[in-house]
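In what follows, a structure is listed as structure tokens, so that the remarks can point back to it.
2 protein chains.
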Amino acid sequence: MDLTQRKEQVLKAVVEGYIASGEPVGSKTLQNDLFSDVSSATIRNDMADLTVKGYLSQPHTSAGRVPSQRGYRYYVERLMSRNKLSPRITEYIEEKLIQSADTPENILKKSTQVLSEVTGVASIASTPSGERARVHKVRFVQTGRQTAMAVLICSTGMVKTKLFRCDFVITSEALNIFDKALNSLLSGMELARITQPFIQTVAASFGEMALYMPSVLIAVMEASKEALKSEITVSGQTNILSLPDISVNAAAQMLRFLSSKREIASLLCEKPNGTAVYIGEETGRQELYQSSVIITHYEISGQTAGEIALLGSVRMDYKNCIGCLEYTADVAGQLIEQLVAS
Amino acid sequence: MDLTQRKEQVLKAVVEGYIASGEPVGSKTLQNDLFSDVSSATIRNDMADLTVKGYLSQPHTSAGRVPSQRGYRYYVERLMSRNKLSPRITEYIEEKLIQSADTPENILKKSTQVLSEVTGVASIASTPSGERARVHKVRFVQTGRQTAMAVLICSTGMVKTKLFRCDFVITSEALNIFDKALNSLLSGMELARITQPFIQTVAASFGEMALYMPSVLIAVMEASKEALKSEITVSGQTNILSLPDISVNAAAQMLRFLSSKREIASLLCEKPNGTAVYIGEETGRQELYQSSVIITHYEISGQTAGEIALLGSVRMDYKNCIGCLEYTADVAGQLIEQLVAS
DNA sequence: CGTTAGCACTCTAATATGCCGAGTGCTAAC
DNA sequence: GTTAGCACTCGGCATATTAGAGTGCTAACG
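Top line first, the protein sequences correspond to chains A and B. Here the first sequence is numbered in the numbering used here, starting from 1 and rising by one per residue. Here the second sequence is numbered in the numbering used here, starting from 343 and rising by one per residue.
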């Protein structure tokens with residue numbers, strides 16, 4: 001299934017030419033731009049062969065060639081040069097991300113914003129799930145006579161709060177007792193283990209205090225549930241409408257897809273190693289057959305923590321998009337890691 | 343500026359006919375549908391007069407009539423029958439809202455969802471703002487070596503948190519000092535008064551501590567900003583793409599508008615009494631010249647608490663939309679009131 | 001004076017026609 | 001294997017034609 005070197009060059013030139021212009025690429029254009037040493041007829045022969053083999057297709061007999069899905073795939077896997085981004089871009093991304101480096105959520109929100117800005121497509125990110133997280137500390141802050149806030153600080157640096165109401169008047173002594181009891185009990189525990197049955201047994205074990213615990217424990221449990229699930233943020237939806245080769249209909253389908261967190265989550269969780277590129281039908285979703293998706297993950301302390309992705313048209317600038325995406329994921333991961341470390 | 347009764351009938355019929363069909367309405371169509379007692383020529387005369395007076399316009403000489411902005415306005419103000427919604431709709435709305443009556447945010451989120459569903463346009467809502475709120479207390483919770491969380495407790499019972507990072511290692515003594523200093527300073531203060539210049543003078547007054555204060559003060563300020571501003575939720579953006587008379591370009595502009603919370607906020611805060619309808623240019627925004635907006639508010643304990651709105655094309659079904667909107671706002675207000683009371 | 005019938009007129013949308021040119025595939029020569 | 005040459009294809013654009021919907025105007029009517 002290998003191609004001769006020149007055919008690879010032709011394929012690469014067609015893909016990049018088509019990505020750049022949006023117009024089917026003809027043999028003469030290629031000759032002028034790239035292959036002054038061979039004639040257009042030779043290129044025509046090569047293109048004909050690439051068409052037979054399924055890497056290119058023609059919109060109609062007298063038009064130039066357009067990459068097929070298979071052509072894009074060959075390009076992405078074997079022809080695309082993964083060269084450096086320009087320092088202007090990397091600096092820009094870094095600058096924007098550092099500005100909002102206060103919480104993981106905001107870093108990822110900003111990541112999608114800056115990505116959609118520099119790539120011109122839509123961007124998605126999922127915040128770190130608390131799957132492997134443990135309880136670092138629990139704190140309580142009184143907010144009213146009978147209301148207080150549980151603050152759950154996770155080993156990952158994530159902080160979740162939950163307001164709760166008690167049916168007794170709260171005193172600082174009571175909060176102190178809760179604090180001591182729960183910290184000695186929960187510190188270091190995996191979030192996933194704080195479940196309904198677990199808090200029931202805990203409550204029971206508190207003897208005379210048991211009466212006062214339920215609302216407190218439920219608050220902590222809900223905070224930990226919140227921390228467990230990863231949030232999804234989307235930016236750049238409006239970019240989809242400006243994509244030149246996406247019909248209104250297809251754009252509507254893509255936007256509908258992006259407005260369903262459930263759909264997005266199912267797409268992001270198809271975790272491969274490294275960066276995955278799904279082209280057209282490879283997305284496996286009817287509503288994304290005219291779209292391509294690039295998914296990568298960011299790491300915290302060397303562990304995959306969450307995903308960042310781009311959603312655009314099949315004719316997107318894979319080289320640039322992959323570059324920006326991976327760079328942003330890298331920076332975002334580092335920033336979140338710093339946040340956690342401190 | 344009054345019209346004869348028949349001309350009003352003609353105007354009403356044109357508006358409703360055009361809203362229903364999307365096609366310019368001709369004299370014969372009107373005669374067949376509504377005015378079997380007068381001839382089409384008479385209607386033509388009336389339409390010609392309404393055109394001269396600016397209530398109708400013609401896409402071109404040989405086409406039927408289409409309502410002008412002024413025509414829509416006259417219709418909305420004087421001709422539209424504000425009759426009851428069908429019980430099927432009201433029951434449906436009520437059922438959906440009651441399902442998610444746990445927090446004000448969720449009630450309003452659901453309101454926009456159900457509204458965009460039943461009206462086929464986009465919907466916006468703002469949560470109650472903290473305008474009249476004061477600072478009750480400020481608390482700090484350490485979350486890491488160099489990170490902490492400011493907890494702002496408002497007189498209305500609203501609680502906002504903000505994580506921040508310091509460029510020094512945080513000790514519990516430091517937090518205690520912040521706590522004392524800021525509580526004596528801020529307790530009872532209106533949220534609106536915690537501004538950039540204010541915190542600068544405060545920071546300056548702290549003498550040798552001044553170096554350590556900025557990040558803390560900024561966190562408190564941002565928390566109070568959060569508490570002050572009402573959140574905005576949007577649903578049904580994808581509906582905009584299905585609006586038949588909105589060009590892709592106009593749809594993109596509307597979606598861009600909807601993705602900017604700031605823009606939305608400025609639109610919602612043009613508070614009139616009761617329900618306001620802005621048709622086309624009346625929105626006062628270039629990007630919404632092809633759109634219409636209907637804004638109403640919901641009340642808690644008889645006080646205006648926030649806004650709910652619809653955004654659609656100029657040719658929207660004002661009667662149905664206004665009905666659904668007002669009904670939903672009513673129910674949402676009641677549900678939130680119940681929540682606050684408890 | 002308001003209403004009506006009749007009719008010529010206007011303009012769009014849909015369909016047909018012809019032409020240009022980009023780009024191809026094929027063949028024969030190198 | 002490569003190249004030049006050439007006939008051929010087909011979409012896109014501009015132009016012409018037609019059908020039909022709807023109008024405005026005029027003259028007649030009660």
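Note that beta-carbon positions come from the ideal geometry of N, C-alpha and C, so glycine has one too.
Residue i vs residue j beta-carbon contact at 9 Å
| i | j | result |
| --- | --- | --- |
| I431(B) | Y669(B) | yes |
| V314(A) | I264(A) | no |
| T454(B) | V576(B) | yes |
| I650(B) | I435(B) | no |
| V38(A) | V25(A) | no |
| K319(A) | S81(A) | yes |
| A250(A) | S291(A) | yes |
| T275(A) | T304(A) | no |
| L343(A) | I246(A) | Outside the displayed range of chain A (1 to 342) lies residue 343(A), so it cannot be described from this structure. |
| A492(B) | A565(B) | yes |
| G55(A) | L115(A) | Checking the sequence, you will find Tyr at residue 55(A) rather than Gly. Not a contact, by the Cβ cut-off of 9 Å. |
| L339(A) | I107(A) | yes |
| A464(B) | G578(B) | yes |
| C508(B) | S557(B) | yes |
| S100(A) | Q142(A) | no |
| S40(A) | T580(B) | no |
| E629(B) | Q676(B) | no |
Of the listed residues the options, nearest to residue i (C-alpha basis)
| i | options | result |
| --- | --- | --- |
| F164(A) | R139(A), K180(A), G157(A), N183(A) | R139(A) |
| M500(B) | Q680(B), V483(B), T469(B) | T469(B) |
| E131(A) | I124(A), S116(A), R145(A), C154(A) | C154(A) |
| T119(A) | G312(A), L175(A), Y74(A) | G312(A) |
| S194(A) | S230(A), E287(A), G274(A), E226(A) | A quick correction: the sequence has Ile, not Ser, at residue 194(A). I194(A) has its Cα closest to that of E226(A), out of S230(A), E287(A), G274(A), E226(A). |
| M47(A) | L268(A), S215(A), T275(A), V10(A) | V10(A) |
| S584(B) | V14(A), R256(A), L79(A) | R256(A) |
| E679(B) | L667(B), Y360(B), S643(B) | S643(B) |
| R70(A) | K12(A), A125(A), T61(A) | K12(A) |
| A63(A) | K84(A), S40(A), I246(A), S27(A) | S27(A) |
| Y74(A) | K7(A), K137(A), A305(A) | K7(A) |
| L186(A) | L175(A), V169(A), G207(A), L152(A) | L152(A) |
| Y298(A) | F178(A), G188(A), C324(A) | C324(A) |
| N687(B) | A534(B), T498(B), S363(B), K479(B) | Here chain B covers residues 343 to 684 and nothing more, so residue 687(B) does not appear. |
| S572(B) | Y554(B), G486(B), P446(B) | P446(B) |
Range covered by the alpha helix (DSSP H) that runs through residue i
| i | result |
| --- | --- |
| E564(B) | 555-570 |
| L527(B) | 514-528 |
| G413(B) | 411-416 |
| T283(A) | Taken as a continuous stretch (DSSP letters only), T283(A) belongs to no alpha helix (DSSP H), as it is neither H nor E. |
| P197(A) | 196-205 |
Endpoints, the beta strand (DSSP E) within which residue i is located
| i | result |
| --- | --- |
| R507(B) | 501-507 |
| M254(A) | Where M254(A) is concerned, there is no enclosing beta strand (DSSP E), although the alpha helix (DSSP H) it sits in stretches over 248-258. |
| S577(B) | 574-577 |
Partner residues on chain B for residue i, Cβ-Cβ distance less than 9 Å
| i | result |
| --- | --- |
| G333(A) | In chain order: nothing, as chain B lies at least about 17 Å away. |
Within chain B, the residues that residue i reaches when beta carbons sit closer than 8 Å
| i | result |
| --- | --- |
| Q237(A) | Q579, L597, S601 |
| T103(A) | L505 |
| A252(A) | T580, L583, S584 |
Heavy atom of the ligand GDP within 8 Å of residue i beta-carbon
| i | result |
| --- | --- |
| G130(A) | This structure lacks the ligand GDP, and indeed carries no ligand of any kind. |
Chain-ordered neighbours of residue i on chain A, where CB pairs are closer than 7 Å
| i | result |
| --- | --- |
| V501(B) | T143, M149, L163 |
| I495(B) | T143 |
| A475(B) | Those do not exist, as A475(B) stays about 13 Å from chain A at its closest Cβ, beyond 7 Å. |
| L345(B) | Those do not exist, as L345(B) stays about 39 Å from chain A at its closest Cβ, beyond 7 Å. |
Within chain B, the residues that residue i reaches when beta carbons sit closer than 7 Å
| i | result |
| --- | --- |
| R139(A) | V483 |
| V118(A) | Residues of chain B passing the Cβ test: none, with the nearest at roughly 17 Å. |
| V248(A) | L583, V590 |
Per-residue contacts from residue i into chain A (C-beta, under 8 Å)
| i | result |
| --- | --- |
| V544(B) | Simply none; closest approach about 21 Å. |
In chain order, which continuous runs of the alpha helix (DSSP H) of length 4 or greater are located wholly inside the segment 92-169 of chain A? 104-119
Entirely within the segment 6-87 of chain A and at least 4 residues each: give me those alpha helix (DSSP H) ranges in chain order. 27-33, 40-52, 69-74
Would you list, in sequence order, the uninterrupted alpha helix (DSSP H) runs of no fewer than 4 residues that lie entirely inside the segment 600-676 of chain B? 603-610
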